[in-house]
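Residue numbers (this note's numbering): 2 to 172. Yeah, the Cβ is synthetic: ideal placement off N, Cα and C, and Gly gets one too.
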Amino acid sequence: AALPPEGKPRLLLQSCCGPCSSYVLEYLTRYFRVTVLYYNPNIQPRDEYDRRLYWQRELIRQLPTPEPVDLLACDYDGQRYIDAVRGLEREPEGGARCTVCFRLRLEETARQARAHGFDFFGTTLTVSPHKDAQRLNAIGAELAQQYGVRWLPSDFKKREGYKRSIELSKQ
2 AALPPEGKPR LLLQSCCGPC SSYVLEYLTR YFRVTVLYYN PNIQPRDEYD
52 RRLYWQRELI RQLPTPEPVD LLACDYDGQR YIDAVRGLER EPEGGARCTV
102 CFRLRLEETA RQARAHGFDF FGTTLTVSPH KDAQRLNAIG AELAQQYGVR
152 WLPSDFKKRE GYKRSIELSK Q
C-alpha cells in the first residue's frame, strides 16, 4: 500500500503500561506516526489504572523518539472487563479469560483506529514473555477483517525486545 501524503503511516498502538511500551515505541516510531491507546479495563482497581496511565504519559513525554507520540486515553471501564470474563474467573493464567481480555482490548483498538482514520492498529502486549503473540496476532488479524483497518502483526519480545524494554524503563 502507498504511504499517506504525510509520509509515515499512522498506527494506533494499544498499550497496557509505560514499561511495556518503551522498546515498542523506540522501535515503531522509526516507521510510523504512533498514537498510544490506553484502554485496559482489566487493570483494577481504579487507582492502579490511573497510576499506569500516569506512567504511560510520563514515558511518552520522556522517551526520545524520532517524532512525537500522541496518547488517546479511554475512560476507566472496569465493569466491562468483569462482564466480559464472567464465568471464566477460575481459568488459569493464559487460558480462555486471557483470550477474552485480549479480544476486548484489541477490538476497542480496532474500533478507535477505524473511527479516527488510522492506517494500522497493533499492541505492545507481544513484548511480554507471558503473552501469546500467536494468539494476539490471530485475534488482531480477525478484527482487521471485521473493522477494515490493517493489523500490525508483531512479536516484540523477539530480538531482545523485552530485555530492551526493561533497560529503557530503568532510565
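8 Å CB neighbourhood of residue i in its chain, flanking five on each side removed
{"i": "residue 70", "result": "26, 30, 35, 36, 37, 61 and 64"}
{"i": "residue 107", "result": "15, 122, 124, 137, 140, 141 and 144"}
Selected residue, minimal CA-CA separation from residue i, among the options
{"i": "residue 154", "options": "166, 133 and 161", "result": "133"}
{"i": "residue 84", "options": "68, 95, 101 and 76", "result": "101"}
{"i": "residue 49", "options": "93, 78 and 10", "result": "78"}
{"i": "residue 75", "options": "159, 97, 109 and 86", "result": "109"}
{"i": "residue 46", "options": "82, 95 and 130", "result": "82"}
{"i": "residue 58", "options": "17, 28 and 147", "result": "17"}
{"i": "residue 12", "options": "73, 53 and 43", "result": "73"}
{"i": "residue 80", "options": "169, 41, 91 and 94", "result": "41"}
{"i": "residue 151", "options": "112, 172, 105 and 168", "result": "112"}
{"i": "residue 44", "options": "146, 120, 103 and 67", "result": "103"}
{"i": "residue 68", "options": "28, 146, 160 and 105", "result": "28"}
{"i": "residue 39", "options": "146, 135 and 105", "result": "105"}
{"i": "residue 135", "options": "89, 99 and 168", "result": "99"}
Cβ-based burial, residue i [other Cβ within 10 Å; buried from 16]
{"i": "residue 32", "result": "exposed"}
{"i": "residue 55", "result": "exposed"}
{"i": "residue 97", "result": "exposed"}
{"i": "residue 53", "result": "buried"}
Close-in-space but distant-in-sequence residues of the same chain around residue i (CB under 7 Å, 5 per side omitted)
{"i": "residue 166", "result": "20, 21, 23, 24 and 128"}
{"i": "residue 149", "result": "115"}
{"i": "residue 89", "result": "97, 98 and 101"}
Straight-line Cα distance separating residue j from residue i
{"i": "residue 157", "j": "residue 125", "result": "7 Å"}
{"i": "residue 9", "j": "residue 118", "result": "14 Å"}
{"i": "residue 160", "j": "residue 172", "result": "20 Å"}
{"i": "residue 146", "j": "residue 91", "result": "31 Å"}
{"i": "residue 94", "j": "residue 51", "result": "24 Å"}
{"i": "residue 168", "j": "residue 120", "result": "30 Å"}
Residues of its chain near residue i, where Cβ-Cβ distance is below 6 Å and the 5 sequence neighbours each way are ignored
{"i": "residue 163", "result": "128 and 130"}
{"i": "residue 170", "result": "20 and 23"}
{"i": "residue 86", "result": "98 and 101"}
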